[in-house]
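Input: a single structure, listed below in structure tokens.
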Amino acid sequence: MMGKPRRCSQAFFDEERRELERKRKLIRFIQQRKAADISVKDLPNEIPMQLVVGTKVTARLRKPQDGLFTGCIDAVDTSNNTYRITFERPKLGTHSVPDYEVLSNEPPDTISLSSITKKFRPRFVLQDIFNLYEPTNNNSQGDPLIGCSDIAKQIDTIGSYPFALLELIVKLRRILNAKRDKINLLKEYNCDAEKRKSFGQKMPEDFERKYAAVVIELEKMNMDLQDYINDVQQYCQQIAPEPSLAAMLVPSHLREICREKASLLVEKNNNGSVKDPNLIDLITDLIALMLQVKSLSDSDQNAYELTVLQGTMEQIKMKLEPHHQKLFQNNVEIHMHRIQMGLGQMTPNSYVAGSVQ
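Note that our numbering has the sequence shown beginning at 5, numbered continuously upward.
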């Protein structure tokens, strides 16, 4: 007679929905390694990792047909927390599904919550910056040069992240922005060339020189970019709280392991018959490439892991002289592409996942 109880009121349900959304956001922060106010209250001890491209899942679909359907993850969109899924049932096609309505068909890898709170407990970045100006040695207050050494000691970490890692990320972002500008410039050159060709106009005398200069700069940027990415991935392996997270770095990790094995094989079997260091390096690279193929064929790989082959071939090609690059393309790269396609067809729907690479 007094009305609905509190637990069944609209305000109660609204509060429960807000709390559910808060916990979902917190779990996403943990999955994506974002700095957040990690409050582990009422969270499970094991948090499932974010699903990757190529994972077979069961998802709740609303349109064009309502129900539970199986499919394969085509892409991951962290901007709106959805998975792009290609469904197996004919005529369903590909749709974006919220992450909370997607379930992996296999038990997913998990992140230990205790390791998260231990190794990724955030600190206030502003407080760290303020601490840089707090003198730790009274004898250094009058000497600005000595005082700088105190700042250097305290700047090793900022916001619980290594300063060297943050510096690498900043450099990585800058070089990506510079590369984007160069690519846009190439697009302008291509459009200008197509326009002039369609109207039968001659190209400016310095056009080829400018175009070649941009291509050379892009090639150098790609080499620097790969170095920065490798350094960042090494830091990621060091700070990963669980061994399962290292699986996200499989391409570069596999490349390094196969390169080490190939070097040992060449050193063991060469016996001084090949002395040219460039030729030895090429033989080592080709052996490492075949070891990567063997490793991928013996394991359950996804489309992302298969990109290691393409990256290795690009690295080998860049080391070759221009007149040797054509030979490499005709005698090695073409056959490797066929092998890569064969590996991708070993798992159903892998061609769909590979299309987004």
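Backbone N, C-alpha and C define an ideal beta-carbon position, used for all residues, glycine too.
Under the DSSP definition of a beta bridge, which residues are partnered with Cys-76? Here residue 76 corresponds to residue number 72 of the sequence shown, with the count starting at 1. Lys-60 and Thr-90, per the DSSP bridge assignment.
Buried or exposed, going by whether 16 or more other CB atoms sit within 10 Å of the CB of Phe-17? The residue given as residue 17 occupies position 13 in the sequence shown. That one is exposed.
Pick from Arg-93, Asp-70, Tyr-232 and Val-312 that is closest to Arg-177, judged by C-alpha positions: In the sequence shown, the residue the question calls residue 177 occupies position 173. The candidate whose alpha carbon is nearest that of Arg-177 is Tyr-232.
Counting only the same chain and skipping the five closest in sequence on each side, list residues whose C-beta sits under 6 Å from that of Thr-74. The residue you call residue 74 lines up with position 70 of the sequence shown. So the list reads Thr-62 and Glu-92, once near-sequence residues are dropped.
Tell me which residues share the same chain as Arg-22 and place their Cβ nearer than 7 Å to its Cβ, disregarding the 5 neighbours each side in the sequence. As a working note, residue 22 is residue 18 in the sequence shown. Closer than 7 Å at the Cβ level, and outside the excluded window around Arg-22, lies no residue.
Pairing CB atoms from the region 282 to 289 with CB atoms from the region 315 to 329, are three or more of them under 8 Å? yes
Close beta carbons around Tyr-193, own chain, < 8 Å, minus the five adjacent residues each side: Within the sequence shown, the letter at position 189 stands for residue 193. Excluding positions up to five away in sequence, the list reads Phe-211, Lys-214, Tyr-215 and Val-218.
Can you tell me which of the three DSSP states Ser-13 falls into? Counted from its first residue, the sequence shown places residue 13 at position 9. In this structure, Ser-13 counts as coil in the three-state DSSP scheme.
Counterpart residues of Gly-71 in DSSP-defined beta bridges: In the sequence shown, the residue the question calls residue 71 occupies position 67. Answer is Leu-65.
Tell me which residues share the same chain as Gly-71 and place their Cβ nearer than 8 Å to its Cβ, disregarding the 5 neighbours each side in the sequence. Mapped onto the sequence shown, residue 71 falls at position 67. So the qualifying residues of the chain are Arg-64 and Leu-65.
Alpha carbons only, please: which of Met-294, Gly-276 and Asn-334 is nearest the one belonging to Glu-264? On the sequence shown, residue 264 is found 260 positions in, with the first residue counted as 1. The option with the nearest alpha carbon to Glu-264 is Met-294.
Nearest CA to the CA of Ile-187: which residue from Lys-272, Pro-208 and Leu-222? For the purposes of this step, residue 187 is taken as residue 183 along the sequence shown, with counting starting at 1. Nearest of Lys-272, Pro-208 and Leu-222 to Ile-187, Cα basis: Leu-222.
Quick check: the Cα distance between Met-34 and Leu-55, rounded to an integer number of angstroms? For this step, residue 34 is matched to residue 30 along the sequence shown. For this step, residue 55 is matched to residue 51 along the sequence shown. Looking at the sequence itself, residue 34 is Ile, so the reference to Met does not match. Roughly 13 Å separates the two Cα atoms.
Tell me, to the nearest whole angstrom, how far the beta carbon of Leu-78 is from that of Thr-98; I am working on the premise that it is less than 8 Å. Here residue 78 is taken as the residue at index 74 of the sequence shown, counted from 1. Here residue 98 is taken as the residue at index 94 of the sequence shown, counted from 1. One detail in the question is off: residue 78 reads as Asp in this sequence, not Leu. Confirmed, Cβ separation roughly 6 Å.
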